[in-house]
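Single-structure report; data block below.
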Amino acid sequence: MKSFLKWFLTSLTMIAVTVAVAVWVGQPEEVTIRTESIDSAVDLNFDRVRNHIETFSSFGSRVAGQPGSASAAGYVEKQLASIGYDHIESTTFEVTIPKVHQADLRVQSGSETQSFRLFPLWPNLARTSQTPVEGLTGPLVYLGEARFEEMVGKPIEDSICFLDWDAEEEWTRIPELGGRAVVFLGDTPSTGWEARKKFLTIPADVPRFYLTDENSKTIREILNQQRLNGTIQCQMDWDRSIETNFLVRIPSATGETENPLVFQAYTDSMSLVPEISPGAEQAIGVSVLLEFARFLKESEGSLPRPVHLLFTGGHGTVMAGMVDYIESVTEGEKKNRPALVVSLDLASHTTRFGVHCFGEMRGYADHLLRPRFSRLALELKSFSERVAGTTGEQSLVDAVNLKHGRAWDSFLPYRAPFASEIANVASIPGIAIASLDDSRKWVDTPDDTVARMDFDRLIRQLSFKEGERIGLLRILHALIEWEGPYTSGEIDDKWVDLTGRVQWLKADEDYTPQHPLREAPVFLKSRRENKYLVGVRGMPVALTDEDGHFTFRGLIDVTGNNWYTDCEVEAYGLATDRFLSSQSGGGGRIRRVVEIKTGDMQIPSGWLNPLRGRSISGKGPSQPNHVAVTE
């Protein structure tokens with residue numbers, strides 16, 4: 030009995046000591062904000078912010094692969110140099126994008142032919158709006174919003190159908206009734222919510238186009254006068270584009286360069302009409318970061334910690350720029366890993382912004398992140414109340430903790446993807462400073478223009494006013510003044526890359542698929558509603574290389590989010606000269622398969638067998654995937 034009692038007390042003591050040590054080791058490290066105040070007269074220059082926004086939105090489309098994307102990158106580099114930054118690092122990376130070579134509508138009226146430039150919409154998965162070489166010809170018919178009462182008695186079969194741009198999903202009725210193509214009239218503005226309903230995540234064979242405001246009015250006049258025939262010709266393919274990131278390194282006052290604080294914004298934009306994307310709202314973050322760069326230049330030599338300014342491209346295409354940056358710092362020396370990444374994701378139709386550690390791009394589980402960032406968000410909120418006072422309008426919201434009895438996404442009336450999520454997946458702390466209570470109404474549309482912005486609210490949101498608003502500058506500066514680690518404990522590394530290979534079968538020569546399918550678009554489908562992410566096309570797509578290989582980088586392990594528990598990898602062949610000429614033997618055999626499968630050499634179609642149900646459950650490459658084309 031004494032022996033048992035001695036054993037019991039010893040065991041109890043050991044358990045108590047183990048728990049005490051665990052509590053001590055796991056307790057959050059002390060973190061504080063050094064409250065060196067900024068003079069109340071100092072703030073960002075909002076006139077220059079507005080000028081930046083107007084300039085970015087004047088470049089035409091800034092979607093990756095469009096000329097405006099390169100113009101925006103060049104503008105950022107030029108502005109940083111004019112501020113006085115001598116060493117601006119640039120890195121390039123590759124993204125897969127839909128590329129338009131030609132798209133037009135010819136309307137025949139007697140002996141007279143009128144030609145109109147068309148703008149193809151984002152593809153239905155692999156299916157672009159490409160037409161046969163001779164084009165699609167048919168009667169022109171106007172169907173309004175494609176409601177049933179508007180279509181009664183209309184000659185829809187084999188017709189080219191014109192719809193109002195603010196129609197929603199009703200356009201999907203057109204192919205069911207035999208319509209050959211859909212053209213949306215751009216003289217009726219459409220919100221992003223309506224626009225995102227105009228493409229599908231299956232390769233539906235429905236060519237869809239956008240007509241600009243001026244041409245839409247002309248077409249309406251033509252359709253009101255007489256019934257005419259028209260022909261649409263479009264050449265559109267999947268291709269590669271090289272995009273650019275820029276990085277500025279600012280050492281601390283002591284010359285320290287290790288584990289910097291990184292502020293990030295993106296330079297591109299996104300639209301359902303890739304060739305028309307002014308992206309005014311999406312230019313706010315990069316415009317503000319340029320002005321913050323000017324402020325830091327004036328403070329150069331006195332910063333308590335090293336700061337990096339990161340301008341990423343390819344944000345709208347699955348955040349490719351951020352993925353490339355995070356991958357580069359995780360592969361390098363540990364001292365170069367950021368202590369914190371702060372992404373700016375701002376909008377103009379609100380007076381509040383919040384601190385976020387969650388998002389819809391990777392969806393890292395709330396219960397894994399909130400304990401890590403809770404103290405940071407609480408301290409920033411406390412700092413805001415001390416500096417700006419507690420009366421009047423409070424511009425900063427703690428969207429990490431549940432102090433308001435509200436979940437983080439209740440402040441964001443849209444599917445919010447943040448670049449900072451990519452950092453968290455790689456075990457690098459990341460937060461987003463994002464505008465609240467704003468649906469980003471015009472983002473993803475050709476109508477996201479400066480004229481639709483609310484600069485008065487934007488200035489109220491981001492500017493400092495003693496006793497009322499903390500403003501953005503002081504929050505960013507407070508993060509620089511932070512002492513200690515930014516998180517209470519390490520974030521688990523959930524980074525996953527998925528690699529595979531696409532092969533096709535020569536049935537008269539081989540028993541198994543052995544020939545690489547080159548230049549084939551490959552898509553990764555998850556359980557997330559990809560098409561409803563705002564400002565970002567969320568479904569990963571890659572073109573296979575010479576050996577048929579593809580890679581999707583920066584995904585999240587299923588232990589961080591179950592969206593990828595049951596996913597699908599789908600590869601498609603395109604009936605385009607570029608794709609067919611890339612195949613071994615000149616693509617002659619594949620060309621014959623396309624003719625057998627589709628009866629038409631020019632229409633891209635899902636005639637390759639897609640692989641389904643590949644589960645992503647661990648790190649590193651998966652086993653090679655095989656797709657066979659069979660006769």
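Residues 30 to 660 (my numbering) make up the sequence shown, in order.
Glycine included, each C-beta is placed from N, C-alpha and C at the ideal position.
So, at 8 Å on beta carbons, what are the nonlocal neighbours of residue i in its own chain, with the 5 sequence-adjacent residues on each side left out?
{"i": "phenylalanine 238", "result": "Ala132, Leu134, Leu147, Phe148, Pro149, Leu150, Ser158, Ala210, Val211, Val212, Phe213, Ile261 and Cys263"}
{"i": "arginine 366", "result": "Asn288, Val358, Thr359 and Ile457"}
So what does DSSP say about residue i, is it helix, strand or coil?
{"i": "tyrosine 239", "result": "strand"}
{"i": "lysine 128", "result": "strand"}
{"i": "proline 514", "result": "coil"}
{"i": "alanine 210", "result": "strand"}
{"i": "tryptophan 471", "result": "coil"}
{"i": "threonine 528", "result": "strand"}
{"i": "phenylalanine 167", "result": "Looking at the sequence provided, one finds glycine at residue 167 rather than phenylalanine. Three-state result, glycine 167: strand."}
{"i": "isoleucine 369", "result": "According to the sequence provided, residue 369 is leucine. The question's isoleucine does not apply to it. Strand."}
{"i": "leucine 508", "result": "helix"}
{"i": "glutamine 490", "result": "helix"}
{"i": "glycine 15", "result": "In the structure as shown, the chain starts at 30 and stops at 660, and residue 15 therefore has no counterpart that could be examined."}
{"i": "alanine 657", "result": "The predicted position of alanine 657 is uncertain, since its pLDDT is 34 and thus under 50; no value can be drawn from it."}
{"i": "arginine 182", "result": "As written in the sequence, residue 182 is glycine, which differs from the arginine given in the question. Note: glycine 182 maps to coil in three-state DSSP."}
{"i": "threonine 160", "result": "coil"}
{"i": "isoleucine 189", "result": "strand"}
{"i": "tryptophan 53", "result": "The pLDDT assigned to tryptophan 53 is 45, lower than 50, so where the model puts this residue is not dependable; a value taken from the coordinates is nonetheless given after this. Looking at tryptophan 53 - three-state DSSP - the assignment turns out to be helix."}
Determine, using beta carbons only, whether residue i and residue j come nearer to each other than 8 Å.
{"i": "leucine 325", "j": "glutamine 293", "result": "no"}
{"i": "isoleucine 117", "j": "phenylalanine 275", "result": "yes"}
{"i": "arginine 381", "j": "serine 411", "result": "no"}
{"i": "glycine 345", "j": "glycine 113", "result": "no"}
{"i": "glycine 330", "j": "alanine 368", "result": "no"}
{"i": "alanine 312", "j": "isoleucine 82", "result": "yes"}
{"i": "valine 17", "j": "leucine 375", "result": "Because residue 17 is not part of the residues shown, which for the chain are 30 to 660, the question remains open."}
{"i": "arginine 486", "j": "histidine 385", "result": "no"}
{"i": "alanine 448", "j": "tyrosine 295", "result": "yes"}
{"i": "aspartate 473", "j": "alanine 93", "result": "no"}
{"i": "leucine 11", "j": "glutamate 186", "result": "Outside the displayed span of the chain (30 to 660) sits residue 11, for which this structure offers no information."}
{"i": "glycine 383", "j": "leucine 465", "result": "yes"}
{"i": "leucine 399", "j": "serine 517", "result": "The residue you asked about is not leucine; residue 399 is arginine in the sequence shown. The answer is no: Cβ separation not under 8 Å."}
{"i": "alanine 452", "j": "valine 525", "result": "no"}
For residue i, I'd like the list of residues in its chain whose CB is within less than 7 Å of its CB, leaving aside the five on either flank, ordered along the chain.
{"i": "proline 184", "result": "Pro168 and Val170"}
{"i": "threonine 84", "result": "Tyr104"}
{"i": "arginine 503", "result": "Ile67, Val416 and Phe493"}
In the DSSP assignment, the alpha helix (DSSP H) including residue i goes from what residue to what residue?
{"i": "phenylalanine 340", "result": "First-last for phenylalanine 340: 336-341, but that is the beta strand (DSSP E), not the alpha helix (DSSP H)."}
{"i": "alanine 600", "result": "Unbroken run through alanine 600 is the beta strand (DSSP E), 597-600; no alpha helix (DSSP H)."}
{"i": "arginine 79", "result": "75-85"}
{"i": "glycine 314", "result": "313-327"}
{"i": "asparagine 453", "result": "449-454"}
Let me know if residue i comes out buried or exposed under the rule of 16 or more other beta-carbons within 10 Å of its beta-carbon.
{"i": "aspartate 539", "result": "exposed"}
{"i": "glutamate 389", "result": "buried"}
{"i": "serine 298", "result": "buried"}
{"i": "glutamate 320", "result": "buried"}
{"i": "leucine 501", "result": "buried"}
{"i": "lysine 128", "result": "buried"}
{"i": "leucine 162", "result": "Sequence inspection shows valine at residue 162; the leucine mentioned does not correspond to that position. Looking at its Cβ environment, which holds fewer than 16 other Cβ atoms inside 10 Å, valine 162 is exposed."}
{"i": "threonine 588", "result": "exposed"}
{"i": "alanine 571", "result": "buried"}
{"i": "aspartate 629", "result": "With a pLDDT of 43 at aspartate 629, under the threshold of 50, the predicted position of this residue should be treated as unreliable, though the coordinate-derived value follows. Flag for aspartate 629 reads exposed."}
{"i": "asparagine 591", "result": "exposed"}
{"i": "glutamine 532", "result": "buried"}
{"i": "valine 71", "result": "exposed"}
{"i": "serine 270", "result": "buried"}
{"i": "asparagine 80", "result": "exposed"}
{"i": "isoleucine 231", "result": "exposed"}
{"i": "histidine 663", "result": "Here the chain comprises residues numbered 30 to 660, so residue 663 is not present and cannot be evaluated."}
{"i": "glycine 635", "result": "In this prediction, glycine 635 has a pLDDT of 33, which is less than 50 and means its spatial position is unreliable; what the coordinates show is noted afterwards. The residue is buried, with at least 16 neighbouring Cβ atoms inside 10 Å."}
Can you name, in chain order, every residue of its own chain whose Cβ lies under 6 Å from the Cβ of residue i, other than the five neighbours on each side?
{"i": "threonine 273", "result": "Ala102, Ser119, Thr121 and Gly342"}
{"i": "serine 69", "result": "Glu495"}
{"i": "glutamate 287", "result": "Lys364"}
{"i": "threonine 166", "result": "Thr260"}
{"i": "glutamate 450", "result": "Gly388, Met390 and Arg391"}
{"i": "valine 136", "result": "Gln143, Leu257 and Gly259"}
{"i": "alanine 196", "result": "Glu174 and Ala175"}
{"i": "serine 245", "result": "Leu214, Gly215 and Asp216"}
{"i": "proline 335", "result": "Pro280, Ser281, Glu285, Thr286 and Pro289"}
{"i": "glutamate 243", "result": "none"}
{"i": "alanine 461", "result": "Ser372, Asp374, His385, Phe447 and Ser449"}
Beta strand (DSSP E) containing residue i: first to last residue?
{"i": "tryptophan 592", "result": "Tryptophan 592 -> no beta strand (DSSP E), and no H or E assigned at all."}
{"i": "glutamate 558", "result": "Counting along the chain, glutamate 558 falls outside any beta strand (DSSP E), and DSSP gives it neither H nor E."}
{"i": "histidine 578", "result": "578-585"}
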